[in-house]
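Chains as they are written, first to last, in this note's numbering: chain W, 4 to 337; chain Z, 48 to 664.
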């Protein structure tokens, strides 16, 4: 393989980055730039479309085509863009408020239609740009300016929302695990169809440490499982724990492997084509189970814009004068 | 020299209304009569009038569907005020329509349906055929049900299936009344049903109805007697067309001219969906249709398509247009071409979805957040939708702006004869996308139009970012600078205002010395034109200015209006254009409002014009 011709710096637009110092978005921007360089992406054929929110500023910082649109509507705009030009490489950037609250309806339809693009959903469980209100992914009891007594209402899980919407590629990453994120984003890019990636992103100002239960270096090995298609679902400091299917509870269970635990061959092997398994993996939220990271699900299917364009082709083409006369006509002679 | 044809529209002709249950095939029957008249070289204008319910309970007054058409010699601009002939398929349709039938009008009813049960369902305590309440009109009371059953007996369709042919029996009889033969209707039945029992039964019913008229020696209505128009049809190929069809053809013509794909994005809504249907069925490789998940999605997908280098078009009716408002703000801010079709309906809210109104004018002009100017056009008739769609696309592209087309439920569904245009050859007016990276700035402007350049993503060396945040003039970078925001607002407003430079001047038709001018827009054109012709014939002269361009207004309009001592503005709303004229030109324009869900009747306008003219005298 040839060395990439481009480097991450080639994807820096030069626009001054205006996120808060220490924001997880910086790491994600870095991962995206590294991914694009690794793919040797053509900046002229790459488009980043975003909605509104902190995450949605990302396109301004990338030296590709970019369209910062309106709150929640980026999926619809990206769909129109792909219908107009299916050859463009389109990335969609959204957040938990943008994608799962005001724009949840559009996101659902993008995912079920399977438009060929990548969706990056930055989940920080808060509204950052509007000064810290609780979001649809905030856990119950989250104290914010709009929920001084703690938020009520059950949070939505981004990955389960995507799976339930019929998404054909669902993955999860963490902002600061840049190398792993780059691998996941590259896999998303390689996938033909809507590739949905939830990125857990730390909001240092309004929700600092909300994911530290999973992301702190000291607990990472115990609390994260990095899934790979065809590999056993193992985790822990020495990969000494594994996931098995508890048939009575119809749920996953984390168990020690080896003496005192289960034999190695009983540990589940990750099958990314299994939507049921992906749903169980996406459902793991602790404290007894690790957080699943990597590609949870991938299944190929027909591509929306290709199907639409195919039907248009099949419909055929009649010159307008003939179209106008596809009905009863009469002639008035001079 | 002959005056222009449209100054002498027909004021005569025969008006026929079919009314029955929404499942009686009323609309289909109306279209057969329309086609038969048009193919015979008559002028014709139609008014479909149906309930929002798809199949309301049979026999109820709220389930009545109607179709009115006016047939005459020459150019027929309106479907007529009062029917000369009312064909009522059941007591409920008699009840809801008899009040409109003119004195000495002809009432045809299916007496077979006047049973105690259906009379009660329609709210009649007594049979109106027996109470003398119908004495002011001529009545013809064939048992259409029985005649139809007899005519189609041999096809074994059963009672219910046989009675479905009643409408064709009535079409046959009405064609006799109009002195038309049944050839077109026969051809249609054959193409629709083929050589099937249903097709043959419909043919038999059609012929039986026609023969009935002949047998009872029913005199034909004399169209020539009522001829007043001096219109001569220009030579050419003709067809009938509805506004929705003409818009679809206009968008196809725009795609051809500009060598662009049209990406048409819509969400189902009455009465706008017809346009989505026509375009989805159109055999064109340069028309892509997308049924979006909602109105907002449709508007946004259209913007995405325009961003991608196609012509994005979105379409809806009032409530749906409200939902698109935020997206229109984005299109204004990023200065992309976009065509928005609003088939206006009676509001507010769900209102009366199948009824017409012109009440979204101020919404189109002002109904957005911030200073968000865009271009607003309105077609005046079904066939005019063709040229309007082409013009909207041209303006949107040349000036890089959203353009709203204000059609309405009346224009969308009414039909008229149309002399087929000669469409421009594909690629006549191709779009020039910017491809030169030299000194590229996304918000650099054409000094003449002030439009920015259109750049397609995928163009090498031109990668750039746009968005809803305020942009720095020229570079397009994010800017919160106060002076820059003033400049960008001023520029966006000036850009749209400059569209007026390319518009034809407004024209006042009628006598130069008139002291009264009637100003109209949109579908009120036909009724106003006909009313003015009638007034003129009776000795009252007034001028007429019809506006296709609502924003910007034609540059000469203010000067033109100062020539009149009186200005009357009829519109199917509570007075919207009149506010605009008063605001812009400080003229003493008087409103003639109407919001009943129906277009103006000609006699309403005649009365108002005469009253205003008298007051000025």
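Heads up, the beta-carbon is just placed ideally off N, CA and C, and yes, glycines get one too. Note that the structure is a prediction, hence the values are computed from the model and not measured.
Sequence-distant residues of the same chain with beta carbon closer than 6 Å to residue i, five excluded per side
i, result
"residue 134 of chain Z", "65, 155 and 217"
"residue 271 of chain Z", "Caution is warranted here: a pLDDT of 39 is assigned to residue 271 of chain Z, below 50, making its placement in the model unreliable, and the coordinate value is therefore given only provisionally. Result list for residue 271 of chain Z: empty, nothing under 6 Å."
"residue 368 of chain Z", "389"
"residue 98 of chain W", "56, 58 and 125"
"residue 214 of chain W", "203"
"residue 65 of chain W", "14, 16 and 51"
Cβ-based neighbour list, residue i, same chain, cut-off 7 Å, excluding 5 preceding and 5 following
i, result
"residue 102 of chain Z", "69 and 70"
"residue 562 of chain Z", "611, 612, 613 and 663"
"residue 50 of chain Z", "With a pLDDT of 38 at residue 50 of chain Z, under the threshold of 50, the modelled position of this residue cannot be trusted; read the value that follows with caution. Taken in chain order, the list of residues that qualify is empty."
"residue 432 of chain Z", "290, 293, 294, 297, 426, 454 and 458"
"residue 86 of chain Z", "231"
"residue 165 of chain Z", "106, 137 and 138"
"residue 104 of chain W", "138 and 139"
Three-state secondary structure (DSSP) of residue i
i, result
"residue 453 of chain Z", "strand"
"residue 312 of chain Z", "strand"
"residue 466 of chain Z", "strand"
"residue 264 of chain Z", "coil"
"residue 647 of chain Z", "coil"
"residue 9 of chain W", "coil"
"residue 113 of chain Z", "strand"
"residue 286 of chain Z", "strand"
"residue 211 of chain W", "coil"
"residue 333 of chain W", "strand"
"residue 275 of chain Z", "The pLDDT assigned to residue 275 of chain Z is 43, lower than 50, so where the model puts this residue is not dependable; a value taken from the coordinates is nonetheless given after this. If DSSP states are grouped into helix, strand and coil, residue 275 of chain Z belongs with coil."
"residue 513 of chain Z", "strand"
"residue 270 of chain Z", "Residue placement at residue 270 of chain Z is flagged as unreliable, the pLDDT there being 47, under the threshold of 50; the coordinate-derived value follows with that caveat. Coil at residue 270 of chain Z, not helix or strand."
"residue 174 of chain W", "strand"
"residue 130 of chain Z", "coil"
Residues near residue i in its chain [Cβ-Cβ closer than 8 Å; skip 5 each side]
i, result
"residue 152 of chain W", "146"
"residue 144 of chain Z", "64, 66, 111, 113, 130, 133 and 135"
"residue 399 of chain Z", "99, 392, 393 and 644"
"residue 642 of chain Z", "393, 404, 406, 619, 620 and 621"
"residue 603 of chain Z", "552 and 553"
8 Å contact criterion, which residue i and residue j should meet: CB distance rounded
i, j, result
"residue 350 of chain Z", "residue 372 of chain Z", "13 Å between Cβ atoms; not a contact."
"residue 11 of chain Z", "residue 311 of chain W", "No information on residue 11 of chain Z is available, as it lies outside the stretch 48 to 664 that chain Z covers here."
"residue 489 of chain Z", "residue 525 of chain Z", "So it is not a contact: roughly 12 Å between Cβ atoms."
"residue 300 of chain Z", "residue 323 of chain W", "6 Å"
"residue 447 of chain Z", "residue 498 of chain Z", "4 Å"
"residue 458 of chain Z", "residue 290 of chain Z", "4 Å"
"residue 209 of chain W", "residue 87 of chain W", "Residue 209 of chain W to residue 87 of chain W, Cβ: 37 Å. No contact."
"residue 421 of chain Z", "residue 379 of chain Z", "6 Å"
"residue 202 of chain W", "residue 184 of chain W", "7 Å"
"residue 326 of chain Z", "residue 353 of chain Z", "16 Å between Cβ atoms; not a contact."
"residue 92 of chain W", "residue 44 of chain W", "7 Å"
"residue 150 of chain Z", "residue 192 of chain Z", "That pair is no contact at about 28 Å."
"residue 305 of chain Z", "residue 477 of chain Z", "6 Å"
Interface partners of residue i on chain A, CB under 8 Å
i, result
"residue 231 of chain Z", "Although the question refers to chain A, the structure presented lacks it and instead comprises the protein chains W and Z."
Proximity test, residue i beta-carbon vs the ligand SAH heavy atom, cut-off 7 Å
i, result
"residue 289 of chain Z", "Summarising the ligand content, the structure contains no ligands, and the ligand SAH is consequently not present."
Could I get the ranges of all uninterrupted beta strand (DSSP E) runs contained in the region 53-137 of chain W, with 3 residues as the minimum, in chain order? 68-71, 92-98 and 120-126
Can you list the alpha helix (DSSP H) stretches of 4 or more residues lying completely in the region 521-595 of chain Z, in chain order? 529-544 and 572-584
What alpha helix (DSSP H) runs, 4 residues minimum, are completely inside the region 305-374 of chain Z? Counting whole runs of 4 or more residues, the region 305-374 of chain Z contains the alpha helix (DSSP H) stretches 320-328 and 342-354.
Closer than 9 Å between beta carbons: that is the criterion. Which residues of the region 332-354 of chain Z meet it against chain W? 332, 333, 334, 335, 336, 337, 339, 340, 341, 343, 344, 345, 346, 347, 348, 349, 350, 351, 352, 353 and 354
Using a Cβ-Cβ cut-off of less than 7 Å, give me the residues of the region 38-58 of chain W that come near chain Z, in sequence order. Taking 7 Å as the Cβ-Cβ cut-off against chain Z, the residues of the region 38-58 of chain W that qualify are 46, 47, 48 and 50.
Note down, one range per segment and in chain order, each beta strand (DSSP E) of at least 3 residues found wholly within the region 235-320 of chain W. The qualifying runs are 244-249, 254-259 and 294-301.
Contacting positions in the region 513-524 of chain Z - beta carbon closer than 8 Å to chain W: Against chain W - using a Cβ distance shorter than 8 Å - the residues of the region 513-524 of chain Z are 513, 514, 515, 516 and 524.
Mind listing which residues of the region 65-83 of chain W have their C-beta closer than 7 Å to chain Z's C-betas, in chain order? Among the residues of the region 65-83 of chain W, those with a Cβ less than 7 Å away from any Cβ of chain Z are 66, 67, 68, 69, 70, 71, 72, 73, 76, 79, 80, 81, 82 and 83, in the order of the chain.
Got a sec: which bits of the region 96-118 of chain W sit with their beta carbon under 7 Å from any beta carbon on chain Z, in order along the chain? 108, 109 and 112
Taking any Cβ of chain W, which residues in the region 63-85 of chain Z have a Cβ under 8 Å from it, in chain order? 82 and 85
Give, in chain order, every unbroken run of the alpha helix (DSSP H) that is at least 4 residues long and sits entirely within the region 401-431 of chain Z. 408-413
Identify each residue in the region 7-24 of chain W for which the Cβ-Cβ distance to at least one residue of chain Z is less than 8 Å, and report them in chain order. 16 and 18
Of all the residues that make up the region 118-147 of chain W, which are near chain Z by a beta-carbon distance shorter than 7 Å? For the region 118-147 of chain W, which is checked against every Cβ of chain Z, not one residue is closer than 7 Å.
Give, in chain order, every residue of the region 232-261 of chain W whose Cβ lies closer than 8 Å to some Cβ of chain Z. none
Residues in the region 149-173 of chain W having any Cβ partner in chain Z nearer than 7 Å: none
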